[in-house]
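Notes follow once the structure below has been shown.
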Amino acid sequence: MIMNDLAAPGMTLDKGLQALLDTVAQDPTGPLVVGVAGPAGHGKTALLAELERIHQRAGIAVRTAAPEPDEPVDPDTVVLVDDAHLLDDARTEALLRLVVGRRHRLVVAHRPWPRSAAFSELVDALRRDGQAVPLTPFTREQTAAHLAATPELGRPADLVDYVHTQTAGVPRDVERLARGLVGAETRTGTVDPPRSVILEFGPDLDVQPAAVRRLLLAVAAGGALPVSMLGALLGRDPAGVDELIATTRAAGLLGADGRLAPIVRRAVATLSPATERTAVWRRLTELQLARGGAVLPLVRSLLAVGALGDCPAATLAAAADEALADEPAFAAELFAAATAAGRPPNAQQALAAALAGDLDDALRLADRLLATAAPPERSEAAVVAATALAHRGHVGRSVELFRWSGTASAAAFAIVGGLASGDPAARTESPAGDPAGEPPTLHASAARLMANGVRESVTGPPTAALSALVQAAALLEPDGRAALLPDSPAALAALTAVHCGELEIAERVLHRALGAGVGGPLMARRHRLLQAWILMVRGEIHAAGERLATVTLDGRPLESRDQLFAAAIRMGIARRNSDLGALKRGWGQALEAVVRHPVDLFTLLPLGELAIAGARLGDLARLEPYLHQGRALLDRLDNPPLWSVPLHWSGLHAAILTGEPTIADEHVTALLAAAGHSRYAAVVASAAESWVEVLRGVVDPVRVEAAARGLHDTGLCWDGARLAGQAAIRTADRRAMTTLLECARALQGRPSGGQSGQTPTTGASTARVAGPTQHGLSDREYEVAELVLAGLTYREIGDRLFISAKTVEHHVARMRNRLNCANRTELLALLRTLVADRASDTAGQPWPQRATR
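For the sequence shown, our numbering begins at 145 and goes up steadily by one.
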């Protein structure tokens with residue numbers, strides 16, 4: 145884009161027009177036969193005015209009207225004719241004679257349509273004997289240059305993009321919008337152009353024929369439409385439709401791609417008479433439905449211009465069906481609009497609400513349909529209600545509704561719910577198809593595999609359960625966005641994988657389910673929460689917190705099952721950070737989450753984590769009724785090891801924190817009994833046995849390190865590091881202490897003492913590490929450590945302990961040397977572990993030996 149210094153201020157030219165004006169300015173008397181073609185609003189009149197100015201300044205006469213048929217024209221006069229497409233044939237032929245005579249200088253500007261035979265001959269002659277100059281929309285760079293000529297606007301990139309996008313670069317519209325934005329409070333990021341700009345399109349629309357206005361309304365509603373559909377709408381044959389399109393393009397209102405610029409679209413929708421607009425759009429939707437075409441783009445267009453109320457109920461419902469898979473919340477809005485327009489509610493509307501996560505609406509609609517709808521609709525409503533109730537923890541009622549609905553998928557989901565609630569009969573139930581012969585769709589097949597997988601998790605080997613559930617998850621990935629699920633196979637596969645130490649499998653299946661959108665927004669939270677759980681048990685605490693934060697970004701409250709997992713993750717993060725304040729603050733919400741969601745098989749994991757937190761806070765008794773329910777549920781299912789091992793592992797740590805060796809021994813015994821079930825169970829059993837031995841003062845460094853590394857390899861990274869750390873601070877063997885501290889650091893992903901340039905195996909180093917107590921730190925140093933972790937300054941700590949800030953600094957330096965920490969960050973991380981371990985060590989005394997093994 146080049147600005148012509150000879151052109152009028154604010155005129156924006158491309159290279160072709162710049163070259164034309166430069167040539168005329170340098171030699172005003174030279175040959176000049178030019179045809180300028182472009183739609184209205186593209187600058188023809190402005191260009192002719194500039195040519196007139198150049199010639200007048202050179203003292204050359206200018207004629208701005210076409211000659212009459214027999215009127216002589218002075219060869220020294222320049223003829224500039226605008227809107228030549230409107231001339232009658234006689235005056236068109238008079239211009240043609242001037243062109244073919246090659247004695248006159250003239251510039252003829254015209255629109256590309258209409259074109260009579262005489263006018264087509266004139267255009268061909270101008271192109272053959274002179275120069276054809278097409279006028280096109282501004283490029284983005286030209287739009288930027290035009291805006292730069294208006295200092296009040298400035299030239300921010302987002303303003304340029306906004307104006308160019310709104311106008312599609314039509315110069316007339318760029319000028320209008322730029323003028324309207326001067327002085328506007330918000331010039332960038334604007335959704336709708338100022339109303340004053342929209343009103344300027346009124347005269348352009350008023351002069352158009354009725355058929356053109358109807359065409360504009362049709363395109364404003366539905367974008368590019370097929371000629372056959374436009375013909376039926378406008379009552380024209382294909383040739384007549386083509387003529388209307390050409391006329392509309394020539395008026396500068398319709399783009400070459402058959403679409404309206406956003407600002408024109410807004411003007412057409414706003415300024416057209418309401419009765420005409422409603423008639424066109426209603427007819428358009430009827431035609432689209434009749435031909436079986438997609439109506440969602442049409443409805444979305446109507447919504448964009450604020451005219452959704454002009455849509456018939458049938459159109460809104462059809463659009464909602466189309467939006468259901470990818471935009472369930474939008475589909476729910478469209479279904480609601482269809483209901484407002486007179487269409488009775490149906491099960492699809494309840495389904496959309498459920499998929500969007502609005503379980504209140506879903507339950508309300510489904511319950512109404514269960515009472516009033518026809519049998520097929522009632523069956524679908526029962527599935528919606530059952531799914532919503534499952535998410536809210538009402539598993540018994542959910543199973544009842546699934547069984548009542550009678551479909552094969554629902555029967556499979558009833559088995560899953562029955563097993564989740566501890567119903568032993570569900571272990572032998574079969575997810576048979578319904579009597580009418582339900583087709584084996586992906587959804588039905590996935591539901592059957594889900595049921596088989598959960599059954600295998602209770603009665604068979606973990607590999608069979610995991611395989612069935614991963615296969616079920618894969619079945620839903622191609623088209624699972626609109627699958628309404630009480631729980632997703634991906635979530636159950638991830639839970640199963642976590643329970644048997646296959647965290648990589650759990651991560652992959654969740655990642656694929658989120659990428660495919662399986663279960664819609666309703667299940668997305670479940671999948672993200674399980675991702676956060678995996679990060680937490682791996683010890684990636686910061687990442688777990690970040691993932692947890694994404695769960696509630698949409699502002700909707702969590703359903704009871706998700707709330708329970710979220711509460712357990714928050715408490716688990718606080719516990720692993722030794723953040724007693726966060727534990728205390730979150731305990732009330734955690735208890736509420738436990739109360740809201742009845743205990744089932746799939747919530748034992750968060751229940752166990754909360755049990756450890758309750759023990760840490762000295763308030764485990766309030767969870768005992770729910771832990772008893774969990775144990776009773778497992779008893780009814782004959783204590784399946786896959787589900788019982790993690791609960792025993794949590795129970796062991798709760799018993800450690802509450803100082804109950806007998807209960808801890810019971811959990812160890814249960815874990816040892818289940819050790820043969822899987823590699824994960826064997827690792828946890830070995831670690832549990834090592835843990836209680838460490839607490840009794842028996843530290844076998846080789847065995848402890850093997851157990852700690854086994855926990856790490858099965859995904860319990862934080863637990864593995866903590867076991868090694870506890871053993872290190874309880875052994876009197878300095879070499880073993882150093883080895884186990886190095887192991888703890890390695891399992892936490894921190895550099896070892898040797899990597900930081902120190903030699904922890906030297907006598908001086910081991911002496912520093914050992915310290916004066918079995919924990920490695922003195923009582924005073926523990927006091928200092930707790931206050932340092934609380935964030936107090938050395939001066940504040942000194943004031944609290946009645947010692948000087950310098951003495952506090954010496955204590956911290958000694959702790960760093962004694963614990964062989966390379967830097968302050970490493971020291972703080974290790975102090976958190978030591979302080980937490982000291983709190984769990986009942987009065988600092990070793991446990992009594994076990995009476996039996």
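Don't be surprised by glycine CBs; every beta carbon is placed ideally from N, CA and C.
These numbers were taken from a predicted model, which means no experiment stands behind them.
| Check | Outcome |
| --- | --- |
| Cα separation between residue 838 and residue 650? | 32 Å |
| Report all residues from its chain with a CB closer than 6 Å to the CB of residue 788; omit the five preceding and five following residues, and keep chain order. | 778 |
| For residue 854, which residues from the same chain have a beta carbon less than 6 Å from its beta carbon, with the 5 sequence-adjacent residues on both sides left out? | 827 |
| If you pair each beta-carbon of the stretch 754 to 769 with each one of the stretch 788 to 808, do three or more pairs fall below 8 Å? | yes |
| Considering just the uninterrupted stretch of the beta strand (DSSP E) at residue 860, what are its terminal residues? | Counting along the chain, residue 860 falls outside any beta strand (DSSP E), and DSSP gives it neither H nor E. |
| In or out: residue 967 buried (at least 16 other Cβ within 10 Å) or exposed? | exposed |
| Excluding sequence positions up to five away, which residues of its chain have a Cβ less than 7 Å from the Cβ of residue 556? | 575, 591, 592, 594 and 595 |
| In terms of residue numbering, what span does the beta strand (DSSP E) encompassing residue 424 cover? | Looking at the DSSP string, residue 424 is not in any beta strand (DSSP E); the run it does join, the alpha helix (DSSP H), is 418 to 434. |
| Taking its Cβ as the centre, do 16 or more other Cβ atoms sit within 10 Å of residue 886, making it buried, or is it exposed? | buried |
| In three-state terms, what does DSSP make of residue 916? | At residue 916, the pLDDT of 38 sits below 50, so the modelled position is not reliable; the number obtained from the coordinates is stated separately. In this structure, residue 916 counts as coil in the three-state DSSP scheme. |
| If the criterion is Cβ atoms closer than 8 Å, does the pair residue 362 and residue 369 meet it? | yes |
| Between residue 751 and residue 781, which are expected to be in contact by the criterion C-beta below 8 Å, what is the C-beta distance as a whole number of angstroms? | That pair is no contact at about 16 Å. |
| On the criterion of 16 or more Cβ atoms from any shown chain inside 10 Å, does residue 212 qualify as buried, or is it exposed? | exposed |
| Leaving out five residues before and five after residue 601 in sequence, what residues of the same chain have Cβ atoms less than 6 Å from its Cβ? | 609, 640 and 786 |
| Which same chain residues end up closer than 7 Å to residue 226 when comparing Cβ atoms and leaving out the 5 residues on each side of it in sequence? | 188, 189, 192 and 253 |
| Give every residue of the same chain whose Cβ lies closer than 6 Å to the Cβ of residue 811, excluding the five residues on either side of it in the sequence, and list them in chain order. | 792, 795 and 796 |
| Would you call residue 686 buried or exposed, if buried means 16 or more other Cβ atoms sit within 10 Å of its Cβ? | exposed |
| If you scan the stretch 769 to 803 from start to end, which runs of the alpha helix (DSSP H) of 4 or more residues do you find wholly inside it? | 785 to 802 |
| Tell me the rounded alpha-carbon separation between residue 447 and residue 410. | 11 Å |
| Tell me, to the nearest whole angstrom, how far the beta carbon of residue 737 is from that of residue 767; I am working on the premise that it is less than 8 Å. | Between residue 767 and residue 737 the Cβ distance is about 11 Å, and since that is not below 8 Å, they are no contact. |
| What alpha helix (DSSP H) runs, 4 residues minimum, are completely inside the stretch 526 to 560? | 539 to 549 |
| Can you list, in chain order, the residues of its chain with a C-beta nearer than 6 Å to that of residue 664? Leave out the 5 residues immediately preceding and following it. | 472, 499 and 625 |
| Note the first and the last residue of the continuous beta strand (DSSP E) segment covering residue 179. | 177 to 181 |
| Can you pull the DSSP bridge partners for residue 277? | 180 |
| I'd like to check one pair, residue 371 with residue 353: are the Cβ atoms closer than 8 Å? | no |
| Which residues in the same chain as residue 917 place their Cβ atom closer than 7 Å to its Cβ, once the five residues preceding and following it in sequence are excluded? | With a pLDDT of 42 at residue 917, under the threshold of 50, the modelled position of that residue is not reliable, and no figure is offered here. |
| For residue 461, which three-state DSSP category applies? | helix |
| Would you tell me roughly how many angstroms separate the C-alpha atoms of residue 269 and residue 431, rounded to the nearest one? | 44 Å |
| List the whole-angstrom C-beta distance separating residue 178 from residue 277, where the pair is believed to meet the contact cut-off of C-beta under 8 Å. | 6 Å |
| Once the 5 residues before and after residue 570 are set aside, which same chain residues still bring their CB inside 7 Å of it? | 559, 562 and 563 |
| Between which residues of its own chain and residue 998 is the CB-CB distance below 8 Å, once the five residues before and five after are set aside? | The requested residue 998 is not part of the displayed model; the chain covers only 145 to 997. |
| Grab me the residues of residue 346's own chain with a C-beta within less than 7 Å of its C-beta, minus the 5 sequence neighbours each way, in chain order. | 415 |
| Please determine if the stretch 479 to 486 and the stretch 603 to 617 are in contact, where contact requires at least 3 C-beta pairs separated by less than 8 Å. | no |
| List the endpoints of the continuous alpha helix (DSSP H) containing residue 839. | 823 to 839 |
| Residue range of the beta strand (DSSP E) that residue 1007 falls in? | In the structure as shown, the chain starts at 145 and stops at 997, and residue 1007 therefore has no counterpart that could be examined. |
| Whole angstroms are fine: how far does the CA of residue 667 sit from the CA of residue 733? | 22 Å |
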